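Shown next, in structure tokens, is the structure this report addresses.
Numbering (the working numbering), first residue to last: 139 to 396.
As structure tokens, then:
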């Protein structure tokens, strides 16, 4: 993978790490940075050696949001021509698990980026917020939609209208994050969790994510039919044969993602 300007990447034991790297700007997201994040994640999504992706930020914060200096002079025509949210839309198409390891400020676009992850682990003291209303705008990269699906309409409106800072404990209570850990253990815990998922059969992991995502939008009946299709599909995989044979033979399975 080519070198990036605003992020750093690495791969260890089947887990790829994408790290936002503008710590002096609290990892504020400019357009090129978002493009690099998506490019890196999509590259790892295609890499057969990578099974899980961890997204985190260098420095004291995950991301304080969009780079306002870059956006201050924008107008509707320029925004339409830039089509800047196309990169954000591509994150929804990633098949592999994305684990967010967040800390410090997770604000605005940074919160939207975090909500694009499948699992969120937060350091103690992390704060979440959609402060866009205070500068006369609103979330535009999926924030209103993803937050509402997680916490419900009334709580989403409360957080979006007030722009208040949400402590990690409240985010956990409302199902926004999965776990709170000590700051010094954040990456260790994220990598440990990633390692657990990386040991599972990749095709099963992929189709579970696919089915759960469909559950958000489908009726119960439609979702069950979609789940069943994926269930049947896995019986055509080598990993299904390996998993069941290993169970019968009382040995550890060796999954190949095929």
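Glycine included, C-beta positions come from ideal geometry on N, C-alpha and C.
Bear in mind that the values here come from a model prediction, so they are computed numbers and not experimental data.
For residue i, count neighbouring Cβ atoms within 10 angstroms of its own Cβ and tell me buried if that reaches 16, exposed if not.
| i | result |
| --- | --- |
| residue 329 | buried |
| residue 155 | buried |
| residue 230 | exposed |
| residue 315 | buried |
| residue 194 | buried |
| residue 273 | exposed |
| residue 238 | buried |
| residue 292 | exposed |
| residue 362 | exposed |
| residue 167 | buried |
| residue 222 | buried |
| residue 165 | buried |
| residue 171 | buried |
| residue 398 | Any question about residue 398 goes unanswered here, given that the chain covers just 139 to 396. |
Helix, strand or coil, according to DSSP, for residue i in the structure here?
| i | result |
| --- | --- |
| residue 292 | helix |
| residue 369 | helix |
| residue 201 | strand |
| residue 380 | helix |
| residue 173 | helix |
| residue 315 | coil |
| residue 336 | helix |
| residue 142 | coil |
| residue 266 | strand |
| residue 148 | strand |
| residue 190 | strand |
| residue 248 | helix |
| residue 261 | strand |
| residue 180 | helix |
| residue 243 | strand |
| residue 327 | helix |
| residue 157 | strand |
| residue 238 | strand |
Could you check how far apart the C-beta atoms of residue i and residue j are, in whole angstroms? I think they sit under 8 Å.
| i | j | result |
| --- | --- | --- |
| residue 266 | residue 277 | Their Cβ separation, rounded to whole angstroms, is 12 Å, which puts residue 266 and residue 277 out of contact at 8 Å. |
| residue 331 | residue 259 | 7 Å |
| residue 456 | residue 179 | Residue coverage of the chain in this structure runs from 139 to 396, which leaves residue 456 outside it and unanswerable. |
| residue 189 | residue 336 | 4 Å |
| residue 347 | residue 233 | 7 Å |
| residue 376 | residue 396 | 5 Å |
| residue 159 | residue 177 | With a Cβ gap of about 14 Å, residue 159 and residue 177 do not count as contacting. |
| residue 372 | residue 341 | 6 Å |
Does the beta carbon of residue i come closer than 7 Å to any beta carbon on chain C?
| i | result |
| --- | --- |
| residue 302 | Among the chains of the structure shown, chain C does not appear; only one protein chain is present. |
Comparing alpha-carbon positions, which option in the options lies nearest residue i?
| i | options | result |
| --- | --- | --- |
| residue 299 | 169, 320, 308 and 281 | 281 |
| residue 263 | 318, 352 and 165 | 318 |
| residue 380 | 339, 232 and 164 | 339 |
| residue 197 | 242, 365 and 228 | 242 |
| residue 322 | 169, 240 and 164 | 240 |
| residue 369 | 288, 385 and 343 | 343 |
| residue 365 | 345, 378 and 384 | 345 |
| residue 312 | 333, 290 and 320 | 290 |
| residue 254 | 279, 261, 275 and 271 | 279 |
| residue 224 | 173, 151, 142 and 324 | 173 |
| residue 309 | 261, 270 and 271 | 261 |
>> Does the structure place the segment 189–208 close enough to the segment 245–263 that three or more beta carbon pairs sit under 8 Å?
In response: Taking a cut-off of 8 Å on C-beta distances, the segment 245–263 touches the segment 189–208, as three or more cross pairs fall below it.
> Counting Cβ pairs closer than 8 Å, one from the segment 344–360 and one from the segment 182–197, do we hit at least three?
Replying inline: no
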